[in-house]
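Chains as they are written, first to last, in the numbering used here: chain C, 42 to 234; chain G, -1 to 383; chain L, 542 to 1107.
Where a beta carbon is used, it is the ideal one built from N, C-alpha and C, also for glycine.
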Amino acid sequence: MISIRFHGRGGQGAVIASKLLATALFREGWQVQAFPSFGAERTGAPVAAFLRADHRPITAHYQVYEPDHVFVLDPVLLQTIDVTAGLTDGGWILVNSSRRPEELELPDRFSIGTSDATAIALAHGLGSRTNPIVNTAIVGAFAALTGLVTLESVVDAIPDLVPIKPDANQAAAREAFAQALGRRAGALAGREG
Amino acid sequence: MTTKVMEGTHAISHAVTLSRARVIAAYPITPSSGVVELLSEMCADGRLDARFVAVESEHSALATCAGASQTGLRAFTATSSHGLAYMHEMLHWCAGARLPIVLADVNRAMGSPWNIFADQSDSLSQRDTGWIQYYCENNQEVLDTIIQAFRVAEQVLMPAMVCLDAFFLSHTSEPVAIPDQKLVDAFLPPFAPPYALAPDDPRAFGGLPSGDGYMELRARMERSMQDAVGAAETAAREYAEMFGRHHPILEEYRTEGAALLLVTSGTIAGTARAVVDARREAGEQVGMVKIRLFRPFPFAAIRAALGGAKKLAVVDRNLSFGHGGIMASEIRSALCNQPSAPIVFSYIAGLGGRDVTPAVIDDVVSATQAVERPESDTLWVGLKE
Amino acid sequence: MTARPTFSVSIRALERAPAGTPMSVSLRSTRDLTTGNWRTFRPTYVTRPSPCNLDCPAGTDVRAFLSLAADGDAVGAWRTIREHNPLPGVCGRVCYHPCEHACNRLALDEPIAVHAIERAIANRALAAGATAAPVAGAHLTPIAVVGAGPAGLSAAHHLARRGYAVTVFDEMPEPGGMLRYGIPAYRLPRPVIDAEIDLLRAVGVRFAGGVRFGRDMGATGLADYAATFVAIGAQRSKRSRIPGDELAGVRAGVDSLREVNTAGGRRTSGPVVVIGGGNTALDTARVLRRLGAEPTIVYRRSRADMPAHPDEIAQAEIEGIAFVFYAAPTAFVGEDGRLVRVEFQRMRPGAPDASGRPRPEPIPGSTFALDAGQAYTAIGEDVETEALADLVAAANGRLQADRWGRTGRRAIFAGGDAATGAGTVVEAIGSGRRAAETIDGYLHGQDPVETGQAERVGQSDVNVFYFGRAARAHPGLLETGAAITGFSEVVGDLTWAEAMAEARRCLTCGSCTTCDTCLVFCPDAAIERNPAAGGYTVDLAHCKGCGICVEECPRGAMVLVPEEQR
């Protein structure tokens, strides 16, 4: 069983990101479960979404408290909420950011990834400058960094989940896959994560 | 058959389409809105040959379904919480008029205070209206149950309600197998009521019965409700034969030789499976019984499944004020006058969507094991200081 | 029972559960929830120009004077008009009221009858003895105005208010220009002109009549004046250049109007032809009708293309004047040197010209004639630029001056029809006001400042559903028999009560009227009345910037301004 938490803001596409990754994993034979944080959501307010994947049927239905990996769709959230809460040591924190992983000053016990998903989204005409739709790009970056899912499964799952501009979204996922930056946990101390 | 990752609300929409409903009337309410959002699209783009009626209230939604059903059309609606409460008058009417409408209720807490999260009190406070009630554990079961509910309802001419937990199912995406239409058509024959409102055969329905027949009609309704137990068992079994998925009206999970049985419903049952597995691995005689069909209450199955245990730990995500957990009290009534009835521990948990994790259920098992008898008729799980 | 420390949650009988508040209630005042930090846009009260204000060539604050009229304050409304325009009684009658063309009330029913209200304001204010506002400072610096028409009168008014000693010269004995010598009395009674000119005299304006520039005085005569404003109008009728236009009985409409307005008209009879489609044509025909003739107006385009106001065309029809459209004169035919008939070529609409109207083109072989002993041409008037040749340069028949009246020559300014070619009273008034401001600035060493055109409040900015439908006021007309047998005013007055009711139809676009809609709709009760500031205060600690107040403002007097980037 792996579990993943997605942090974003209402309207950014965190929920679709969770469904997209779930669908991609399902295509590769995983049993999956994806759900949003339960609450009344407002555009711009911090939101979360969750994903479970396993090779056995998932019967339990409760929220994720100890994720293996975390997505951060808006880097400003790093200042306002503890995205590492409950995160397993060695797990990936994948941040939508134009900076390099080591520049984010996140604890070395986690693996840090960055993807300039905003720039990629805008380059492909996804969303607006104030509200870029970054979910397809950042899932592409996740595939590159973790190897949990193939890029092709992500790309194949996009038309079902993102019926608007599927081609541009697929291109964004491919570009993010190619450009993702990662630093494994313990790299600073010379350990393998 | 194809399998897709989808939300619980959309599993309902697909089931309604497979069931070839002809009239859908609904007023959207969180967290059930997704059901009718997708159905309205399906009606608009031709995937479903049905009239979609957007109404001004839940009361009107069910009244519209009643009219449609009275003319012999298969009718469906979906709602939640306050929307269901607003239907209350029409719930009684539809049952009394013997209209086999199917209603999907996303179990959500009742206000005040406002709360949009999982809680069975909305549908359980309608338990005496004459509706068949199913409670589902996962999205696959939701889809399968909607199809079965149409068949059972139309067989006994009583309406049916299919309940699922808010967000834990309604907004959770998980793999759902969509059966082939041909097979569903074979399982669910066209709706053919014995009497229907029709201009070429004018009849009066639901008027004051002559000759003081009300009590007899009520007795026939109750008889039909009792028949629904068998109809539901048959439907579940035949569905399993055709589609390979068996959802018993009362499921016994690893109950063989169990001294302690967890009794649950809805998504808590799914979460409890892992706890039972762990306890069994530890060598403990713990099992789980899931109530899927709550109305009619399956007395015989309950007595057969629970009568042999020493202790029952009933977890209720609902409450009857001044009484306690509703499923626990119904189980107590079913076991009354039975030889060597188990001791019933009644737990209230997860009201208003409070998370019921495997750890919480494990605590319930431990608390039940720790004492001979409960210190109180009702025990509350996880109240904060 | 002892506690079970290994449990993740408590499990207990209700009797052992902690007590707490009995109901769901916030334990602190919701005032403590300072939701203002959610805000990305700040609602702001603004005053934006209404269509009527932007469309008035004289720059009148129409919205403001309508508000005062709605409150019954005729004198206040009158003073507000006169801030820009010294001739409300005149404009209330003869202005074509472009202020009404884009009135946002069109989204609901009909525009406000601004002109009728303006007229009622002038009537009531003068009847109440309203006087011109006192002038700031002594009348010391002398300024000459050449031409006592609406542009000259407007300039004189604004200069006198600024403390200048203004002398207005005019060829005609009495001031007023086209108001007095062009427009007939049934449209503009002479006492109305006299009363408003008397108010100019009251603030020290001197009028010197019977002085024609170039004949009775020259450029040297202006040497004593610190500045001169030239606004001689357009008086000379264009020649038709059609064979026979020298015949007796063929005249210029504008000349006949001047004659009637100075000497009174002579009775006449029989069919007459009036050629043209503008004011002068209508006025000429209607005057002739009153003198006993049977006029036919012939115009080379359609009725819709006529520059004359539709109301006046309708009144002319009621008065029995015939119209022939799509016909152009080809010859005046005489016998013994006197006109006996006019020959015409029928026309049809062709491709659009520069004005956007279809250019009339002849229908080959289609001609006709009208018998008439008199014909009047009213095809436009020229400026007598040659009289000013040594004062102001001319081009294309107009004096050369910019929007501000600057001619390029020190101390010499020009405006009105002579410079703009515009041809309406209200544009002449606006031209005179701008020139007065320019002269004042010139004498203080300042150039005029161009203010950018602010964005108008359009129909999409107002919420018409906050306003009930109400029919536009229509003043009564003089009974036709009486109208065509004399020169009594044709269009009647609104009573003051009718004028107030009409003014209350105004939506007051773009200006807060403290109607409380914002306050009522605010979901956070974050708007408070602030009478001291004349409006409201937004409680920024609680305003979430939802914008409902801006959306609901009935009159577009609120906008959302982005908060500074945090």
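Practice item. Please determine if the segment 218 to 237 of chain G and the segment 271 to 284 of chain G are in contact, where contact requires at least 3 C-beta pairs separated by less than 8 Å. Key: no
query: In whole angstroms, what is the alpha-carbon distance linking residue 993 of chain L and residue 945 of chain L?
result: 15 Å
- Query: For residue 837 of chain L, which of helix, strand or coil comes out of DSSP?
  - Reply: strand
With a threshold of 7 Å on Cβ separation, who are the neighbours of residue 830 of chain L within its own chain once the five nearest residues in sequence on each side are excluded? 836, 860, 861, 862, 1025
For this session: Answer yes or no: do residue 315 of chain G and residue 126 of chain G have a C-beta to C-beta separation smaller than 8 Å?
Result: no
Report all residues from its chain with a CB closer than 8 Å to the CB of residue 575 of chain L; omit the five preceding and five following residues, and keep chain order. 1082, 1083
Exercise. Could you give the residue range of the beta strand (DSSP E) that holds residue 110 of chain C?
Worked result: 110 to 113
Chain G contact for residue 858 of chain L (CB, 8 Å cutoff): no
Under 8 Å between C-beta atoms, does residue 380 of chain G make it to chain L? yes
* Asked: On the three-state DSSP scale, how would you describe residue 377 of chain G?
  -> strand
Any beta-carbon of chain G closer than 8 Å to the one on residue 96 of chain C?
no
**Asked** Taking the alpha carbon of residue 1080 of chain L as the point to measure from, which residue in L:684, L:908, L:1007, L:573 has its own alpha carbon closest?
**Response** L:573
So what does DSSP say about residue 180 of chain G, is it helix, strand or coil?
-> helix
Practice prompt. Confirm, please, whether the CB-CB distance from residue 791 of chain L to residue 916 of chain L is below 8 Å.
Written response: yes
Worksheet item: Whole beta strand (DSSP E) runs in the segment 669 to 753 of chain L with 3 or more residues, listed along the chain?
Response: 683 to 687, 706 to 710, 747 to 749
- Query: Would a check of beta-carbon distances place residue 319 of chain G closer than 8 Å to chain C?
  - Reply: no
| said: Within 8 Å of any Cβ in chain G, is that where the Cβ of residue 233 of chain C sits? | reply: Per-residue confidence for residue 233 of chain C stands at a pLDDT of 41, beneath the threshold of 50, marking its modelled position as unreliable; no derived number is given.
### Exposure of residue 294 of chain G, with buried meaning 16 or more beta-carbon neighbours within 10 Å
buried
TODO: Can you say whether residue 176 of chain C is buried or exposed, counting buried as having 16 or more other CB atoms within 10 angstroms of its CB?
DONE: buried
How about residue 740 of chain L and residue 629 of chain L: are their beta carbons less than 8 Å apart?
-> no
(request) Just mark residue 109 of chain G as buried or exposed, buried being the case when its beta carbon has 16 or more other beta carbons within 10 Å. (result) exposed
Test: residue 108 of chain C CB closer than 8 Å to a CB of chain G: no
*Would you say residue 565 of chain L faces chain G, with C-beta separation under 8 Å as the test?*
yes
Problem - 8 Å Cβ cutoff met for residue 795 of chain L and residue 919 of chain L - result: yes
(message) For residue 1029 of chain L, which residues in the same chain have their Cβ closer than 7 Å to its Cβ, ignoring the five residues on either side in sequence?
(response) 727, 1019, 1023
When we look at the beta-carbon of residue 7 of chain G and count the other beta-carbons within 10 Å, is it buried (16 or more) or exposed?
-> buried
| What residue ranges within the segment 68 to 154 of chain C form continuous alpha helix (DSSP H) runs of no fewer than 4 residues, ordered along the chain? | 118 to 121
* Under 9 Å Cβ-Cβ, which residues of chain G neighbour residue 77 of chain C? -> 165, 169, 170
Q | Inter-residue spacing [alpha-carbon to alpha-carbon] between residue 16 of chain G and residue 333 of chain G | A | 39 Å
**Prompt:** Does DSSP put residue 156 of chain G in a helix, a strand or coil?
**Reply:** coil
Environment of residue 50 of chain C [buried if 16+ CB atoms lie within 10 Å]: buried
Going by beta carbon distance, what residues of the same chain come within less than 8 Å of residue 939 of chain L, once the five residues before and after it are set aside? 924, 926, 959, 960, 961, 962
Element boundaries [beta strand (DSSP E), containing residue 620 of chain L]:
It is not in any beta strand (DSSP E) - residue 620 of chain L instead sits in the alpha helix (DSSP H) that spans 615 to 623.
Which term fits residue 44 of chain G, buried or exposed, when burial requires 16 or more other beta carbons within 10 angstroms of its beta carbon? exposed
- Query: Going along the segment 347 to 365 of chain G in order, which residues come within less than 9 Å of chain L, judged by CB to CB distance?
  - Reply: 347, 355, 357, 358, 360, 361, 362, 364, 365
Exercise for review: Keeping to the same chain, check which residues put their C-beta closer than 7 Å to that of residue 544 of chain L; ignore five residues upstream and five downstream.
Suggested key: With a pLDDT of only 41 at residue 544 of chain L, under 50, the local geometry of the prediction cannot be trusted, and the value read off the model is given with reservation. Nothing meets the Cβ criterion.
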